[in-house]
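Encoded as structure tokens, the structure appears first; notes follow it.
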Amino acid sequence: MESTGQNPPKGNRTTLMDFILLGFSDVPDLRGFLFGVFLIIYVIILMGNSLIIIITKVDPSLHTPMYFFLRNFSSLEICYVSVTVPRLLTDLCRQNRNISFLACATQMYFFLVFGATECLTLTAMAYDRYVAICNPLLYPLIMNTRLCNQLAACCWITGIPVHVGFTYLIFSLPFCGTNQLNHFFCDIPPVLKLACGDTFMIEMLVYAVAVLVVTIPFTLIFGSYVKIISTILKLPSATGRAKAFSTCSSHLMVVALFFGSGIMMYMRPKSSHLTGMDKFLSLFYTVVTPMFNPIIYCLRNKDVMVALKKFLTKWVVL
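According to this note's numbering, the sequence shown holds residues 3 to 320 in order.
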């Protein structure tokens with residue numbers, strides 16, 4: 003006989019085999035419009051970041067540590083958005099939006115890994131600007147090719163073991179009742195809402211990991227910029243101050259966009275997690291911010307603009 007109580011029997015607490023990503027099903031009339039908008043944004047992200055990767059690779063004047071990290075960051079952005087946006091575009095075109103446990107866990111894992119890698123890469127970029135402005139005479143010696151490669155490798159690898167265990171723990175929770183995931187991808191807050199039983203320990207672990215991969219890098223970046231701005235303000239000429247600040251203003255804008263939305267999403271109390279707000283914040287740091295990044299770095303960076311013009315002129319002539 004089937005149980006009629008509110009809690010399903012223990013044997014049936016993990017019977018869910020997949021989730022349904024509701025995404026933007028609450029606005030069916032806008033699905034075509036949203037598909038067009040997200041497709042255009044995705045193409046802009048792919049083209050913009052690919053262009054940065056190419057010009058920083060082929061132009062000898064951009065073979066410096068700053069542009070080495072920018073090239074890594076642009077590669078990372080392509081990976082980061084490709085975890086969520088293609089699936090979002092597909093779901094906007096079809097009725098069946100089911101996603102298996104394995105696919106959901108895989109999406110969450112890569113999203114978390116690439117997100118953590120972005121935080122660490124932005125921290126490495128801040129360190130590069132700190133050395134360049136605060137210790138300019140030692141810059142070539144400190145930021146040598148070996149250290150740059152080690153920092154980049156550390157950024158890409160560090161999050162892998164942490165998030166393997168973290169994702170495993172989340173998907174080891176019992177899931178029962180509804181399988182409707184009110185989000186457009188498998189993010190932590192909406193998945194935890196569908197878990198049965200006590201999720202307090204997992205929620206505490208979410209905060210601990212957020213502190214590790216978001217708060218600590220942000221604090222290091224903030225500390226770096228306190229020293230950078232202090233050093234810039236001590237420069238004797240206004241031209242020197244303007245030039246020094248222009249080399250790090252693009253990075254500062256990207257940091258503010260990425261960390262601002264990330265901290266609001268993962269560090270605020272569970273009671274303030276409203277579905278509409280969660281979707282908006284998720285769209286902001288998964289789609290909007292990556293779209294602005296190549297625009298910011300191209301339009302606000304004179305060296306990149308010069309290299310871009312040279313590159314495009316060469317292709318037009320060919």
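Heads up, the beta-carbon is just placed ideally off N, CA and C, and yes, glycines get one too.
Small disclaimer: the values here were computed from a predicted structure and weren't measured.
Continuous beta strand (DSSP E) stretch holding S77: start and end: Here S77 belongs to no beta strand (DSSP E); instead the alpha helix (DSSP H) covers P67 to D93.
Whose C-beta lies closer than 7 angstroms to the C-beta of M145 among residues of the same chain, with five residues either side of it excluded? P67, D130 and V133
Name the two residues that bound the continuous alpha helix (DSSP H) containing N51. R33 to V60
Could you check if T315 is buried or exposed, using at least 16 other CB atoms within 10 Å of its CB as the buried criterion? exposed
Tell me the rounded alpha-carbon separation between T16 and C178. Residue confidence is low: T16 scores 45 on pLDDT, short of 50, so the model does not pin down where it sits. Its coordinate-derived value is still stated next. Rounded to the nearest angstrom, the two C-alpha atoms are 6 angstroms apart.
Contact between the stretch 276-295 and the stretch 254-268 is defined here as three or more beta-carbon pairs at a separation below 8 angstroms; is this criterion met? yes
Going straight from the alpha carbon of K311 to that of I55, what length do you get? 15 angstroms
Residues of its chain near M49, where Cβ-Cβ distance is below 6 angstroms and the 5 sequence neighbours each way are ignored: none
At what residue ranges does the stretch 200-234 contain a whole run of the alpha helix (DSSP H), taking only runs of 4 or more? 202-212
Quick one: Cα of A212 to Cα of L237, how far? 37 angstroms
Note down, in chain order, each residue of its chain lying with its Cβ closer than 8 angstroms to the Cβ of D28, except the 5 sequence neighbours on either side. none
Can you check whether the CB of C150 is closer than 8 angstroms to the CB of P176? no
Return helix, strand or coil for D305, following the three-state DSSP convention. helix
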